[in-house]
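Inspection log for the structure reproduced underneath, given as structure tokens.
Protein chains in written order, with this note's numbering: chain A, 1 to 196; chain B, 1001 to 1161.
Structure (structure tokens):
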């Protein structure tokens, strides 16, 4: 949950990048890290295996501007995508304010995407959240690969709710900031709703 | 929502800060940090400029979450204390009032026994403040929240950096 600090005049929110193994969650964070002004970002932490697979999480703190005199800080996390790390994945979702679900667009990964989406719903449910109440956006990543499934088809399966969705090629940065901006916007709108 | 939102007010922030200052002195610690279970830094005291407190907060919360997962696996509710011993510096991590995490970093000017003793006292005081805060934030309704008035423009402005 977001943390409002009246004393330090800060709001902190937690955003989690979720998705199947090798879909590009860490790549999203790395691109954001590279392209953000040094004064707006903290250190990026990656708890990864020796082969650079995420073991526990990646973490990137971002400070954006002020809203109503409050500094806004966003903590971006990724989950480990590999199936057998489910226990860790569940832990990272705790206290989440907004989610980016990253889809690997390749035809051969569709089953993995669906499985990961279902897994996310289950894990959210175990924390007492409902996917319909959590602000989330979808990113269709790897659009440049030859076996990429048309967006319309993926949308039918993974985004029947019609949440904001974006096409991306994460290593080149295409769609990365659009996705981040959209999820931050949803989180702030939720904060506004909660404040009423 | 499943978890109540953590809100910090001026009055409680001061009280917490005073408790942490005292804990640093009484336990001869290098630095003390108070972190919420989601990894957000709440307060700190001591030689904190030598540490990357944001990273420290997120890793501590990850550590507590993983340890909590292990505890459940063997049928424990939680492990309320974790201690990491280094060559020079040590970290003592404990859960306060099931809500927040207290981190004490100390070297050979102090000892585990002393830290544990002082942490216990500070924890009781902190727990009662967080009880109060929880009550206050449930009561303090939205009326005074500054975020009810956020406009689309405010949000767009954030990205012009």
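Ideal Cβ placement from N, Cα and C applies to all residues, glycine included.
Looking at the structure shown, is residue 64 of chain A part of a helix, part of a strand, or coil, going by DSSP?
Against the first chain, residue 64 of chain A aligns to sequence position 64. Reduced to three states, the DSSP call for residue 64 of chain A is strand.
Count the other CB atoms, across all protein chains shown, that sit within 10 Å of the CB of residue 27 of chain A; report buried if there are 16 or more and exposed otherwise.
Reading the first chain from its first residue, position 27 is the one you call residue 27 of chain A. By the neighbour-count rule (16 or more Cβ atoms within 10 Å), residue 27 of chain A is buried.
Excluding sequence positions up to five away, which residues of its chain have a Cβ less than 7 Å from the Cβ of residue 93 of chain A?
The residue you call residue 93 of chain A lines up with position 93 of the first chain. So the list reads 16, 123, 124, 127, once near-sequence residues are dropped.
Burial state of residue 1018 of chain B (16 or more Cβ within 10 Å):
Residue 1018 of chain B sits at position 18 when you count from the first residue of the second chain. Label assigned to residue 1018 of chain B: exposed.
Any beta carbon from chain A within less than 8 Å of residue 1162 of chain B's own beta carbon?
Chain B is shown from 1001 up to 1161; residue 1162 of chain B falls before or after that span and cannot be answered.
Comparing the C-beta of residue 87 of chain A with each C-beta of chain B, is any distance below 8 Å?
Working through the first chain from its first residue, we reach residue 87 of chain A at position 87. Taking Cβ atoms only, chain B reaches closer than 8 Å to residue 87 of chain A, which makes this a yes.
Is DSSP giving residue 1132 of chain B helix, strand or coil here?
Here residue 1132 of chain B refers to the residue found at position 132 of the second chain. Helix at residue 1132 of chain B.
Determine the closest residue to residue 52 of chain A out of A:21, A:145, A:43, with distance taken between C-alpha atoms.
Within the first chain, numbered from 1, the residue matching residue 52 of chain A stands at position 52. Comparing Cα-Cα distances from residue 52 of chain A to each of A:21, A:145, A:43, the minimum goes to A:21.
Quick check: is the beta carbon of residue 46 of chain A nearer than 8 Å to any beta carbon in chain B?
Your numbering for residue 46 of chain A matches position 46 in the first chain. No, because no Cβ of chain B sits closer than 8 Å to the Cβ of residue 46 of chain A.
Reduced DSSP category for residue 1008 of chain B - H, G, I as helix; E, B as strand; rest coil
Your numbering for residue 1008 of chain B matches position 8 in the second chain. Strand at residue 1008 of chain B.
For residue 1090 of chain B, does the three-state DSSP call read helix, strand or coil?
In the second chain, counting from the first residue as 1, residue 1090 of chain B sits at position 90. Residue 1090 of chain B: strand per DSSP, three-state reduction.
Inspect the CB distances between the stretch 1046–1056 of chain B and the stretch 1023–1031 of chain B and report whether three or more fall short of 8 Å.
yes
For the 8 Å Cβ check, are there 3 or more pairs between the stretch 35–46 of chain A and the stretch 95–106 of chain A?
no
Length at least 3, wholly inside the stretch 122–147 of chain A: the beta strand (DSSP E) runs in chain order:
136–141
Residue 1153 of chain B - containing alpha helix (DSSP H), residue span:
Position 153 of the second chain, counted from the start, is the residue given in the question as residue 1153 of chain B. Per DSSP, residue 1153 of chain B belongs to the alpha helix (DSSP H) from 1152–1158.
Cα-Cα separation between residue 184 of chain A and residue 165 of chain A, rounded to whole angstroms:
Position 184 of the first chain, counted from the first residue, corresponds to residue 184 of chain A. Position 165 of the first chain, counted from the first residue, corresponds to residue 165 of chain A. Those two C-alpha atoms are separated by around 13 Å.
When you check each C-beta in the stretch 1031–1049 of chain B against every C-beta of chain A, which residues fall closer than 8 Å?
1036, 1037, 1038, 1039, 1040, 1042
What residues from the stretch 70–84 of chain A come within 7 Å of chain B, judged by C-beta to C-beta, listed N to C?
70, 72, 75
C-alpha distance - residue 1095 of chain B paired with residue 1112 of chain B, whole-angstrom precision:
Indexing the second chain from 1 puts residue 1095 of chain B at position 95. Indexing the second chain from 1 puts residue 1112 of chain B at position 112. Straight-line Cα distance between these residues: approximately 16 Å.
Between residue 1066 of chain B and chain A, is the shortest Cβ-Cβ distance under 8 Å, so that the two count as touching?
The sequence position of residue 1066 of chain B within the second chain is 66, counting from 1. Chain A, which has a Cβ nearer than 8 Å to the Cβ of residue 1066 of chain B, makes this yes.
Pick helix, strand or coil for residue 5 of chain A, following the three-state DSSP scheme.
Reading the first chain from its first residue, position 5 is the one you call residue 5 of chain A. DSSP places residue 5 of chain A in strand when its eight states are reduced to three.
Short Cβ contact (8 Å threshold) for residue 182 of chain A with residue 175 of chain A:
Taking the first chain and counting its residues from 1, one reaches residue 182 of chain A at position 182. Taking the first chain and counting its residues from 1, one reaches residue 175 of chain A at position 175. No, they are not a contact pair.
Are the CB atoms of residue 1038 of chain B and residue 95 of chain A nearer to each other than 8 Å?
Here the question's residue 1038 of chain B lines up with position 38 in the second chain. Here the question's residue 95 of chain A lines up with position 95 in the first chain. Yes, they are a contact pair.
Reducing DSSP to helix, strand and coil, say where residue 109 of chain A ends up.
The residue given as residue 109 of chain A occupies position 109 in the first chain. Residue 109 of chain A: helix per DSSP, three-state reduction.
Using a Cβ cut-off of 9 Å, pull out every chain A residue sitting near residue 1007 of chain B, in sequence order please.
Within the second chain, residue 1007 of chain B is the residue found at index 7, counting from 1. Those are 3, 4, 5, 6, listed as they occur along chain A.
May I have the straight-line CA-CA distance separating residue 1125 of chain B from residue 1043 of chain B, to the nearest angstrom?
Your numbering for residue 1125 of chain B matches position 125 in the second chain. Your numbering for residue 1043 of chain B matches position 43 in the second chain. Roughly 15 Å between the two C-alpha positions.
Closest Cα partner of residue 1158 of chain B within the set A:29, A:66, A:19, A:111
As a first step, residue 1158 of chain B must be located in the second chain, where it is residue number 158. Ranking A:29, A:66, A:19, A:111 by Cα distance to residue 1158 of chain B puts A:66 first.
Check the Cβ-Cβ distances between residue 55 of chain A and every residue of chain B, and say whether any is below 8 Å.
Within the first chain, numbered from 1, the residue matching residue 55 of chain A stands at position 55. Chain B contact via Cβ: absent.
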